[in-house]
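Numbering (this note's numbering), first residue to last: 1 to 110.
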């Protein structure tokens, strides 16, 4: 089983960056999911693991297991991440505090 730390570290490696660039170039920087489902050429900015890292670490750099997708499709392919992001956003909003500066003036004497 792959840990979150392993996955985060993997995405920072030069090897992954080169593989990611290869896949985006191979797919002409177009979302393959949008092309497949709608036929519309939408720019891709993400490389998606068809077989997830946590399920098969050995295929993490296999171009046959990677596909270029747009952010919208990637979010749709990972509904489990959406619920985590919602919780994180709620927590961020909760942690935001409004700072009030109170101005106290000294009473002037004439």
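We put the CB at the ideal spot given by N, CA and C, even for glycine.
In the DSSP assignment, the alpha helix (DSSP H) including residue i goes from what residue to what residue?
i: residue 74; result: 71-77
i: residue 24; result: 14-26
i: residue 34; result: 32-37
i: residue 58; result: No alpha helix (DSSP H) holds residue 58; DSSP gives it neither H nor E.
According to DSSP, is residue i part of a helix, a strand, or is it coil?
i: residue 46; result: strand
i: residue 53; result: coil
Among the residues of its own chain, which have a CB less than 7 Å from the CB of residue i, if the five just before and after it don't count?
i: residue 54; result: 1, 2
i: residue 20; result: 47
i: residue 15; result: 61
Output needed for residue i: all residues of its chain with C-beta closer than 8 Å, excluding positions within five of it in sequence on either side, in chain order.
i: residue 43; result: 29, 30, 31, 70
i: residue 82; result: 75
i: residue 63; result: 19, 22, 23, 26
Who are residue i's beta bridge partners in DSSP?
i: residue 66; result: 49
I'd like to know if residue i contacts chain D, where contact means its C-beta is closer than 8 Å to some C-beta of that chain.
i: residue 76; result: No chain D is present in this structure, which holds just one protein chain.
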